[in-house]
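Visitor:
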Amino acid sequence: MKDASITTEALYQGTDVRGMDLHPEAIPCFLTTAFTMKGFEEVQETYAAKGYTYVRTRNPNRTALGEIISCLEGGEASLIFSSGMGAITSTLLTVLKAGDHVICNANIYGETFSVMTDILKKFGVDVTFADYQIPGAAAKAIRPETKLIYSEVLSNPTLTLVDLKAMADLAHENGALLMVDNTFTTPIAIRPMDFGADIVINSLTKFLNGHSDAMGGSVTTSQELCDRIQPLAMLLGTPGDPFSSWLIQRGVSTASVRLPRQMHNAEQLAAALARNPHVSKVNHPSLPDYPQKELADRMFGENGRCAMLSFIVPEDMEKIDAFMKALRFPRYAPTLGGLHTTLSHPVTSSHMGVPDDVRRKMGITPGMIRVSVGIEDVGDLIADFENALRVFD
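Residue numbers (my numbering): 30 to 422.
1) Are the region 145–160 and the region 123–137 in contact at 8 Å, needing three or more beta carbon pairs?
2) Measuring CA to CA, which of Met114, Met391, Cys58, Ile97 is closest to Ser107?
3) Could you name the residues of the same chain whose beta carbon sits closer than 7 Å to that of Ser373, not counting the 5 residues immediately before and after it, in chain order?
4) Mapping DSSP to helix, strand and coil, what is Met244?
5) For a quick check, are the C-beta atoms of Thr175 and Ala205 less than 9 Å apart?
6) Check Asp227 in the structure and name its three-state DSSP category.
7) Suppose you measure from the CA of Val423 to the CA of Val72; what does that come to, to the nearest Å?
8) Note down, in chain order, each residue of its chain lying with its Cβ closer than 7 Å to the Cβ of Gln259, except the 5 sequence neighbours on either side.
9) Can you check DSSP and say which residues form a bridge with Cys133?
10) Give every residue of the same chain whose Cβ lies closer than 7 Å to the Cβ of Phe64, excluding the five residues on either side of it in the sequence, and list them in chain order.
11) From Gly103 to Met222, what does the alpha carbon distance come to, in whole angstroms?
12) Out of Gly115, Gln291, His313, which one is the CA nearest neighbour of Thr371?
13) Hey, how far is the Cα of Val248 from the Cα of Ile230?
14) Compute the distance between the beta-carbons of Ser332 and Leu288, then report whether it is under 9 Å.
15) Could you tell me whether the region 211–218 touches the region 175–192, using the rule of 3 or more Cβ pairs below 8 Å?
16) Grab me the residues of Phe352's own chain with a C-beta within less than 6 Å of its C-beta, minus the 5 sequence neighbours each way, in chain order.
17) Do the CB positions of Ser232 and Ala116 come within less than 9 Å of each other?
18) At the level of alpha carbons, what is the spacing between Asp413 and Gly280?
19) Considering only C-alpha positions, which residue in the set Glu405, Arg220, Ile228, Met346 is nearest to Arg334?
20) State yes or no: is the C-beta of Asn294 within less than 9 Å of the C-beta of Val402?
21) Classify Phe329: buried if its beta carbon has 16 or more other beta carbons within 10 angstroms, exposed otherwise.
22) Going by the CB atoms, is the gap between Ser112 and Gly246 shorter than 9 Å?
23) Whose C-alpha, out of Pro314, Leu365, Arg91, is nearest the C-alpha of Phe59?
24) Compare the Cα-Cα distances from Gly382 to each of Ile56, Tyr138, Phe110, Cys100 and report the closest residue.
25) Grab the span of the beta strand (DSSP E) containing Ile341 for me, first residue to last.
26) Just checking my contact of Ala195 with Val209 at CB under 8 Å: how many whole Å lie between their CB atoms?
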């Protein structure tokens, strides 16, 4: 064959770089939509070994991040998704079918509530919401067709704690699975699988990434169940992209350093807010008057309990607006888990789609403010909140 043009040759240079067999200290970002093969034999070997072919099927950055999440959560395997909601919906649609029944905590993240009430309903799955704080409420909701019990560790945004061991025992005694969202707490504070959870969800967008610059989610469970979820995720288009996975892996690497500081900052800020005369209630599992303090003491370790808190002020929207504007450091953000302290107003953000009467049963009122605590000097945060709360004088 005659020599090809410079244009053609240039397209094929740089694909086999000397040193590609070395081990870089930081994993590269594999920004490629596919991996090439030569001949049918290599194609067959790659597919048989579940190797890398097309980005939506598998990617080295997702694989690497999944291994880290599995290590942190103590599970067999993990899959990485484009978001926490992608992880939740892909998993629910895998493990459930028409005619199945789900028991879900009544105090739940607003968009998870919508998945339970809207999406699962369309697929013929019945959902019962039970208040897990009422003894026996979940057990009373059990049916022969119950296949899944769903919960968060700490409810968003009321921070009520769920006895995961009791929920796991209830699920397994009735042939069901326990699925737990660990986003608020993260495996740095608690590992739900240690208490018997079968499936653990994380919105990696939040604390585990921690830098407010990438979106992703994960599911950690058995290898067998991951092998069932992965094909559906591929068809739904929910797997995470390489660059976000690479960014999140970098963030996760410092989670064990960042999160204890954030959690201890939250404890001190919660204590200061509890002393403020304009605050009628503070929700955080470190407080002496936390309703489930004994359970919290049993479930959480020395790293901390949670970097989230919520508190209630008078239901005066003008003054709440003035309070948010008076803060020097925290800003309103419809997310959580970053390096900076942020706040949100659940009634107008995360739980906006939940009917008002349902919200109030959850304990979510117009006076509730949710705070995601960052890594700032906690003395500065306390002074800032105390100064801003003076608008309620």
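Glycine included, every Cβ here is placed at the ideal spot set by N, Cα and C.
Nothing here was measured: the structure is a model prediction, and the numbers come from that model.
Guide: Taking the definition as stated:
1) At 8 Å Cβ cutoff, the stretches touch.
2) Within the sequence shown, the letter at position 78 stands for residue 107. Looking at the Cα atoms, Ile97 is the closest of the given residues.
3) Taking the sequence shown and counting its residues from 1, one reaches residue 373 at position 344. Tyr361, Ala362, Pro363, Ser379, Arg399, listed in sequence order.
4) Position 215 of the sequence shown holds residue 244. DSSP places Met244 outside both helix and strand once states are collapsed to three, so it counts as coil.
5) Here residue 175 refers to the residue found at position 146 of the sequence shown. Here residue 205 refers to the residue found at position 176 of the sequence shown. Between Thr175 and Ala205, the C-beta spacing is below 9 Å.
6) As a first step, residue 227 must be located in the sequence shown, where it is residue number 198. In this structure, Asp227 counts as coil in the three-state DSSP scheme.
7) Coverage of the chain is limited to positions 30 through 422, which leaves residue 423 absent and any answer about it impossible.
8) By one-based count along the sequence shown, residue 259 stands at place 230. For Gln259, where only same-chain residues beyond five positions count, the Cβ hits under 7 Å are Leu108.
9) For this step, residue 133 is matched to residue 104 along the sequence shown. Phe158, Tyr179.
10) Translated into the one-based positions of the sequence shown, residue 64 becomes position 35. Taken in chain order, the residues that qualify are Tyr81, Thr82.
11) Residue 103 sits at position 74 when you count from the first residue of the sequence shown. Residue 222 sits at position 193 when you count from the first residue of the sequence shown. Going by the C-alpha atoms only, they are around 7 Å apart.
12) If you number the sequence shown from 1, residue 371 lands on position 342. With distances taken between CA atoms, Thr371 lies nearest to Gln291 out of Gly115, Gln291, His313.
13) What you label residue 248 is simply residue 219 of the sequence shown in a count that begins at 1. What you label residue 230 is simply residue 201 of the sequence shown in a count that begins at 1. Approximately 5 Å, taken between the alpha carbons.
14) Your numbering for residue 332 matches position 303 in the sequence shown. Your numbering for residue 288 matches position 259 in the sequence shown. Per the sequence presented here, residue 332 reads as Asn, with Ser not at that position. Their beta carbons are under 9 Å apart, which means Asn332 touches Leu288 by this criterion.
15) By the criterion of at least three beta-carbon pairs nearer than 8 Å, the region 211–218 is in contact with the region 175–192.
16) Taking the first residue of the sequence shown as 1, we reach residue 352 at position 323. Sequence-distant Cβ neighbours of Phe352 in its own chain, meaning closer than 6 Å and more than five residues away, are Ala417, Val420.
17) One-based indexing of the sequence shown puts residue 232 at position 203. One-based indexing of the sequence shown puts residue 116 at position 87. Yes, the Cβ-Cβ distance between Ser232 and Ala116 is below 9 Å.
18) As a working mapping, residue 413 is identified with position 384 in the sequence shown. As a working mapping, residue 280 is identified with position 251 in the sequence shown. One alpha carbon belongs to Asp413, the other to Gly280, and they sit about 27 Å apart.
19) Taking the sequence shown and counting its residues from 1, one reaches residue 334 at position 305. Considering only alpha carbons, the answer is Arg220.
20) As a working mapping, residue 294 is identified with position 265 in the sequence shown. As a working mapping, residue 402 is identified with position 373 in the sequence shown. Here Asn294 is near Val402, since their CB atoms are less than 9 Å apart.
21) Within the sequence shown, residue 329 is the residue found at index 300, counting from 1. Flag for Phe329 reads buried.
22) As a first step, residue 246 must be located in the sequence shown, where it is residue number 217. As a first step, residue 112 must be located in the sequence shown, where it is residue number 83. Yes, Cβ-Cβ distance for Gly246 and Ser112 is below 9 Å.
23) By 1-based counting over the sequence shown, the position of residue 59 is 30. Looking at the Cα atoms, Arg91 is the closest of the given residues.
24) Taking the sequence shown and counting its residues from 1, the one referred to as residue 382 is at position 353. The candidate whose alpha carbon is nearest that of Gly382 is Tyr138.
25) In the sequence shown, residue 341 corresponds to position 312, counting from 1. Here the beta strand (DSSP E) through Ile341 covers 337–341.
26) Translated into positions along the sequence shown, residue 195 becomes position 166. Translated into positions along the sequence shown, residue 209 becomes position 180. Rounded to the nearest angstrom, the Cβ distance from Ala195 to Val209 is 13 Å, too far for a contact under 8 Å.
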